[in-house]
Amino acid sequence: MSSSTSDNDSAGERAPSKRNSPNKTVKVLGDLGVYCAGVKFGGFDTADAKEYNHIFSFMESSFEKHSRPKEAKQAMDRHNMRYLMRVYPDRYRYQSTNFDPLVYWRRGVQMAAMNWQTFDLGMQLNQAMFDSGTDRSG
Numbered sequence: 005m006s007s008s009t010s011d012n013d014s015a016g017e018r019a020p021s022k023r024n025s026p027n028k029t030v031k032v033l034g035d036l037g038v039y040c041a042g043v044k045f046g047g048f049d050t051a052d053a054k055e056y057n058h059i060f061s062f063m064e065s066s067f068e069k070h071s072r073p074k075e076a077k078q079a080m081d082r083h084n085m086r087y088l089m090r091v092y093p094d095r096y097r098y099q100s101t102n103f104d105p106l107v108y109w110r111r112g113v114q115m116a117a118m119n120w121q122t123f124d125l126g127m128q129l130n131q132a133m134f135d136s137g138t139d140r141s142g
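According to the numbering used here, the residues represented by the sequence shown are 5 to 142, in order.
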């Protein structure tokens, strides 16, 4: 007797179905992707560092490492006058503590990523910066 199913089709041995999951990105948000592209940092003199829409992301310890020497500080300052940079908390912040965003804002970093789970001093500074009131000029 032969069965109509092959040995590979027995229960538990079937290959998983490869369905393309729908893109969950909101179209309006996805359309903004052309304005900013994350690029792995390879130095401020690379071709990627000159692209108009790039953004470098650093962990706070990596940012410190790349900004210690005087020449690196100057290169970073020049970069941040024209291009975007983001700093996010180190992995050791397992309790979701935050760094002082002012340190990075003073260095020209436009995005200081915060752990929203903890309303500590870092988050309070961030909130104060952006909750300064309504702009009624103009």
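Heads up, the beta-carbon is just placed ideally off N, CA and C, and yes, glycines get one too.
Given the structure is predicted, the values throughout are model-derived calculations rather than measurements.
Annotation: the continuous alpha helix (DSSP H) that includes Met127 extends over Leu125 to Phe134. Around Asn130, the same chain offers Pro105 and Met118 as residues with beta carbons nearer than 6 Å, after the five sequence neighbours per side are excluded. In this structure, the alpha-carbon of Arg111 lies about 35 Å from that of Lys28. In the three-state scheme derived from DSSP, where H, G and I count as helix and E and B as strand, Val91 is classed as strand.
The beta carbon of Met85 lies closer than 8 Å to those of Gly112 in the same chain, with the five residues before and after it left out. The three-state reading of DSSP puts Ala41 in strand, counting E and B together.
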